[in-house]
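Residue numbers (the numbering used here): 5 to 205.
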């Protein structure tokens, strides 16, 4: 797949992390992940397009403790999107043993506004608060779902003022068996691009 303006390139290459032209599936997937302004739904659309149009290939990363290898970027992307959808479903699920908190980032002030001290029994309450703060020009909101009696178990959702979800993350939410292909591997690691390393050498 050739990357062209107005299609994948405008979003994928916004950060200029990899060379333009004809990227590998790994390069394109990582560049999509790095674009923090893309809605999660749009990232999933682009990753699906990458799986459908670019050849599969293995990749390796420099992890926190050791180098990690993945046999298939296509399988990794499929599992990654499935996991994010599962986390989204759990975030919105009404649980009697969980509460929500909310604050937002203001780029103009270069600071967080709001307090994690206010607790909401339902996500709609926190979301309504975000909407009420629209006149303060928030850059994005950060919602947290916290589980009562399990202070370290949380889900985090980042949202634009237009309501688009930017990311969903977890802390001590998944069990060991949930990690599967993600064991020792996640997008935040430095991806080793064999093609680029050879060209630089």
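Virtual Cβ for every residue (Gly too), placed ideally from N, Cα, C.
Query: Where the alpha helix (DSSP H) through residue 38 begins and ends; Result: 29-38
Query: Counted within 10 angstroms of its Cβ, other Cβ atoms place residue 140 as buried (16 or more) or exposed; Result: exposed
Query: The stretch 100-111 touching the stretch 75-82, judged by at least three CB pairs closer than 8 Å; Result: no
Query: 8 Å contact criterion, which residue 177 and residue 159 should meet: CB distance rounded; Result: 6 Å
Query: Cβ contact check for the stretch 84-91 and the stretch 121-133: 3 or more pairs under 8 Å; Result: no
Query: Simplified DSSP state of residue 206, which is helix, strand or coil; Result: Outside the displayed span of the chain (5 to 205) sits residue 206, for which this structure offers no information.
Query: With 16 other Cβ atoms within 10 Å as the buried cut-off, status of residue 116; Result: exposed
Query: Three-state secondary structure (DSSP) of residue 276; Result: In this structure the chain extends from 5 to 205, so residue 276 is not present and cannot be described.
Query: Distance between residue 29 and residue 36 (C-alpha atoms, nearest Å); Result: 11 Å
Query: Beta carbon of residue 134 nearer than 8 Å to that of residue 145; Result: yes
Query: Residue closest to residue 148, alpha-carbon to alpha-carbon, out of 111, 95, 118; Result: 95
Query: Three-way DSSP call (helix, strand, coil) for residue 123 in this model; Result: coil
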